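Enquirer: Starting off with a structure, shown below.
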Amino acid sequence: MLPLLEVKNVTYTYSAGTPFEHKALQDVSFCLNRGEFVGVIGHTGSGKSTLMQHLNGLLKPNSGDILLDGKSIWADKTSARKARFRVGLVFQYPEYQLFEETVYKDIAFGPKNMGLKDDEIDLRVKKAAEIVGVSDFLEKSPFDLSGGQKRRVAIAGVLAMEPEVLILDEPTAGLDPEGREEILKNIETYRASQNATIVMVSHSMSDIARLTQRILVLDDGRVVYDDTPAKVFDHAEQLLKMGLDIPEVTKVFLKLRQLGLDVPPVYSIDQAVETLNKIRGGDRHA
Amino acid sequence: MLKDITLGQYFPGKSLIHRLDPRTKLIFLVVFIVALFLCSGWVSYCVMLFTLSAAIVLSRVPLKAFFKGLKPLLFILVFTAVLNLFFTAGEKPLFTLGFITVYPEGIIRAVLMLLRIMMLVMATFLLTYTTSPIALTDGLESLLSPLKKIKLPVHELSMMMCIALRFIPTLIEETDKIMSAQKARGADFETGSLIQRVKALVPILIPLFISAFRRADELAIAMESRCYQGGDGRSKMKLLRFKGIDLYVFAFAAVMVAGVCLLKNWGL
Numbered sequence: 010m011l012p013l014l015e016v017k018n019v020t021y022t023y024s025a026g027t028p029f030e031h032k033a034l035q036d037v038s039f040c041l042n043r044g045e046f047v048g049v050i051g052h053t054g055s056g057k058s059t060l061m062q063h064l065n066g067l068l069k070p071n072s073g074d075i076l077l078d079g080k081s082i083w084a085d086k087t088s089a090r091k092a093r094f095r096v097g098l099v100f101q102y103p104e105y106q107l108f109e110e111t112v113y114k115d116i117a118f119g120p121k122n123m124g125l126k127d128d129e130i131d132l133r134v135k136k137a138a139e140i141v142g143v144s145d146f147l148e149k150s151p152f153d154l155s156g157g158q159k160r161r162v163a164i165a166g167v168l169a170m171e172p173e174v175l176i177l178d179e180p181t182a183g184l185d186p187e188g189r190e191e192i193l194k195n196i197e198t199y200r201a202s203q204n205a206t207i208v209m210v211s212h213s214m215s216d217i218a219r220l221t222q223r224i225l226v227l228d229d230g231r232v233v234y235d236d237t238p239a240k241v242f243d244h245a246e247q248l249l250k251m252g253l254d255i256p257e258v259t260k261v262f263l264k265l266r267q268l269g270l271d272v273p274p275v276y277s278i279d280q281a282v283e284t285l286n287k288i289r290g291g292d293r294h295a
Numbered sequence: 076m077l078k079d080i081t082l083g084q085y086f087p088g089k090s091l092i093h094r095l096d097p098r099t100k101l102i103f104l105v106v107f108i109v110a111l112f113l114c115s116g117w118v119s120y121c122v123m124l125f126t127l128s129a130a131i132v133l134s135r136v137p138l139k140a141f142f143k144g145l146k147p148l149l150f151i152l153v154f155t156a157v158l159n160l161f162f163t164a165g166e167k168p169l170f171t172l173g174f175i176t177v178y179p180e181g182i183i184r185a186v187l188m189l190l191r192i193m194m195l196v197m198a199t200f201l202l203t204y205t206t207s208p209i210a211l212t213d214g215l216e217s218l219l220s221p222l223k224k225i226k227l228p229v230h231e232l233s234m235m236m237c238i239a240l241r242f243i244p245t246l247i248e249e250t251d252k253i254m255s256a257q258k259a260r261g262a263d264f265e266t267g268s269l270i271q272r273v274k275a276l277v278p279i280l281i282p283l284f285i286s287a288f289r290r291a292d293e294l295a296i297a298m299e300s301r302c303y304q305g306g307d308g309r310s311k312m313k314l315l316r317f318k319g320i321d322l323y324v325f326a327f328a329a330v331m332v333a334g335v336c337l338l339k340n341w342g343l
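If you read the protein sequences in the order shown, they are chains A and B. Residue numbering for the first sequence follows the numbering used here, beginning at 10 and increasing consecutively. Residue numbering for the second sequence follows the numbering used here, beginning at 76 and increasing consecutively.
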């Protein structure tokens, strides 16, 4: 099956030819399939944000290519802008991009740029607002909302374009636990309703471990691991060496193993409960 | 693209020029500009050009930076040169093209004018390239301090200038980010009529203004929580002090101006 989005040997260098030259991405390749939830982790400066901006054609790779449905998004002058309607990107702190008088108008900005008809725009705005739970303040000014509400309005602004691939750069940064949970739930709802591909950059390993089916690990502009959460967190020691964190439960179980207890590596709470129950059960029999 | 702006850029270094007192550099720049306008003949221009070249070499700032800075002024430079070339009357015309007559004097004048503007701009660049914004505002504050007697808020003005300079790169970065975010929502800044393009700026300008005000607010609170209350009784970590080398520079400035005046008298 043809992957939805394919990144082929992408290399990108900032300020090439100056003393400030910096290789942000080096020969990065991977595929995204329809309906997948992919997590991207890597420490600050590993090239995550640069990579995200390549996926929707905001940055043009120095070499390599990005294929959407098998066709290069750099094929001609207008294809990159068209690709942005199918690959939605939510930046870090997206609430800073709000500018319209009402929440409704702001969410409608994207669909309007797509050239949709008014009734279609209306439909999409209401649907997107519903997904993130801001239907009650469509006529309010976005600047009168709380931080978490603003964030959700900004995300709705991208959802309203109904992208097939939704990329989120740390969507929960700077929110309280309740706000984080809410937004993560909204994202999952969108994925399920549209069979959309989600790519989420996050520093919260437990969120990544819990939600995603696949994890890309970036280090120094290269993809180091591209595998299921279970397999990626198997490399706990290497991840820690890269300056990355691992889920708290994984740490606890790693320590247990160091203390001489024979436990498998674990990366989610459910797994941990299961493993512990097994051990307890085993003890009883013994 | 936006990141290429070099306005107010500082090239850190430890050269002779970097180590001069900022006040010396400011005064010398003013003297240099005055002398530049006193110049009339080839010889005096050569003196000025030699002075500037020596200073640039001493500063160890790459020459490329100076020419890069001149690029935005290309239009003004060409405009001035052309005007002087065509509208300077002399005795013997060199050639005539339709209603335009070019005299040898015109060519000389055009070249000298070009030289004058270029030297003026490059000397100013030399100041900002070799002086950190903090040193520059410190120097300015110190030089303007006599004006405190007539109740001019000198410290506040220089603090404002310092903050403004500090935030230029931050705002440029912010603009870049907002532009990308709106582009991701399908905004189009590159095509369309003039009116459409101006309208396309609204989604950039509103968030930019809001974030600038937010930053200003945060900065004000941060300053107040560190007990900032204006210039009264405020001490400095780095006191400005004239050193021996500054005296030499002043002496050189005096010699330069005297020399240019003498040359002017002799018609050179």
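Ideal Cβ positions, reconstructed from N, Cα and C, are used throughout, including at glycine. Given the structure is predicted, the values throughout are model-derived calculations rather than measurements.
Please give the ranges of any alpha helix (DSSP H) in the region 18-87 of chain A, keeping only runs that are unbroken, at least 4 residues long and fully inside the region.
Expert: 57-64
Enquirer: Which ranges does the beta strand (DSSP E) cover as unbroken runs of at least 3 residues, wholly within the region 219-247 of chain A, from first to last along the chain?
Expert: 223-228 and 231-236
Enquirer: Flag Pro282/B as yes if its beta-carbon sits less than 8 angstroms from any beta-carbon of chain A, otherwise no.
Expert: yes
Enquirer: Please determine, among Lys91/A, Tyr234/A and Ala201/A, the residue with the shortest C-alpha to C-alpha distance to Leu248/A.
Expert: Tyr234/A
Enquirer: Could you check the C-alpha separation between Val50/A and Val153/B for me, to the nearest Å?
Expert: According to the sequence shown, residue 50/A is Ile rather than Val. The straight-line gap from Cα to Cα measures roughly 53 angstroms.
Enquirer: Name the one or two DSSP bridge partners that Asp178/A has.
Expert: Val210/A
Enquirer: Just the Cα atoms here: how many angstroms apart are Lys121/A and Met170/A?
Expert: 9 angstroms
Enquirer: Please list the partners that Leu107/A has in chain B, where partner means a Cβ-to-Cβ separation under 8 angstroms.
Expert: Pro282
Enquirer: What first and last residue would you give for the alpha helix (DSSP H) that runs through Gly166/A?
Expert: Gly156 to Leu168
Enquirer: Taking a cut of 8 angstroms between CB atoms, which residues from the region 140-171 of chain A lie near chain B?
Expert: Per Cβ criterion, the list reads Phe152, Gly166, Val167 and Met170.
Enquirer: With 16 as the cutoff for other CB atoms within 10 Å, does Ala295/A come out buried or exposed?
Expert: The pLDDT assigned to Ala295/A is 43, lower than 50, so where the model puts this residue is not dependable, and the model offers no usable value.
Enquirer: Are the beta-carbon atoms belonging to Asp115/A and Val167/A less than 8 angstroms from one another?
Expert: no
Enquirer: Quick one, which residues of the region 251-267 of chain B are near chain A if we go by CB-CB under 8 angstroms, in chain order?
Expert: Of all residues in the region 251-267 of chain B, Lys252, Ile253, Ser255, Ala256, Gln257, Lys258, Ala259, Arg260, Gly261, Ala262 and Asp263 have a Cβ within less than 8 angstroms of some Cβ in chain A.
Enquirer: What residue does the alpha helix (DSSP H) around Val96/A start on, and which one ends it?
Expert: It is not in any alpha helix (DSSP H) - Val96/A instead sits in the beta strand (DSSP E) that spans Val96 to Val99.
Enquirer: Is the separation between the beta-carbon of Leu76/A and that of Glu15/A shorter than 8 angstroms?
Expert: yes
Enquirer: Counting only beta-carbon separations shorter than 8 angstroms, does Met209/A have a partner in chain B?
Expert: no
Enquirer: What residues match up with Phe170/B in a beta bridge as DSSP calls it?
Expert: Val177/B
Enquirer: Would you say Phe118/A faces chain B, with C-beta separation under 8 angstroms as the test?
Expert: yes
Enquirer: Just to check, is the beta-carbon of Tyr323/B closer than 7 angstroms to a non-hydrogen atom of the ligand FMN?
Expert: In terms of ligand content, the structure shown is empty, and the ligand FMN therefore cannot be addressed.
Enquirer: In three-state DSSP terms, what is Leu184/A?
Expert: Leu184/A falls in the coil class under three-state DSSP.
Enquirer: I'd like the span of the alpha helix (DSSP H) that includes Glu299/B, first residue to last.
Expert: Counting along the chain, the alpha helix (DSSP H) containing Glu299/B begins and ends at Val277 to Ser300.
Enquirer: Three-state secondary structure (DSSP) at Glu191/A?
Expert: helix
Enquirer: Assign Leu113/B to one of two classes, buried (16 or more other C-beta atoms within 10 Å of its C-beta) or exposed (fewer than that).
Expert: Classification for Leu113/B: exposed.
Enquirer: Apply the 10 Å Cβ neighbour rule to Ser155/A and answer buried if 16 or more other Cβ atoms are within range, or exposed otherwise.
Expert: exposed
Enquirer: Would Pro103/A pass as an interface residue toward chain B - the criterion being a Cβ-Cβ separation below 8 angstroms?
Expert: yes
Enquirer: Sorted by chain position, which residues of the same chain lie with C-beta nearer than 7 angstroms to Ile82/A's C-beta, five sequence neighbours on each side aside?
Expert: Closer than 7 angstroms at the Cβ level, and outside the excluded window around Ile82/A, lie Gly66, Ile75, Ser88, Ala89 and Ala92.
Enquirer: Identify whether Met76/B lies in helix, strand or coil by the three-state DSSP scheme.
Expert: Model confidence at Met76/B stands at a pLDDT of 45, short of 50, so the residue's coordinates are unreliable and nothing is read from them.
Enquirer: Under a CB-based cut-off of 8 angstroms, is Asn195/A close to chain B?
Expert: Closer than 8 angstroms: no.
Enquirer: Spatial neighbours of Ser217/B within its chain, please: C-beta separation below 7 angstroms, excluding the five flanking residues on both sides.
Expert: Arg98 and Leu315
Enquirer: When you compare the region 189-203 of chain B with the region 94-109 of chain B, are there three or more beta-carbon pairs, one atom per stretch, that lie closer than 8 angstroms?
Expert: Yes: at least three Cβ pairs fall under 8 angstroms.
Enquirer: Within the chosen definition, does the region 152-167 of chain B reach the region 178-187 of chain B through at least 3 CB pairs nearer than 8 angstroms?
Expert: yes
Enquirer: Just by C-beta distance, which residues in the region 115-143 of chain B are closer than 7 angstroms to chain A?
Expert: none
Enquirer: Among all the DSSP beta bridges, which residues are the ones paired with Val16/A?
Expert: Phe39/A and Ile75/A
Enquirer: Identify which residue in Glu299/B, Lys318/B and Gly267/B has its Cα closest to the Cα of Asp96/B.
Expert: Lys318/B
Enquirer: Identify the continuous alpha helix (DSSP H) that holds Thr99/B and give its terminal residues.
Expert: Pro97 to Leu113
Enquirer: Which residue wins for smallest C-alpha separation from His230/B, given the options Lys143/B, Lys311/B and Leu127/B?
Expert: Selected option, being the one with the closest Cα: Lys311/B.
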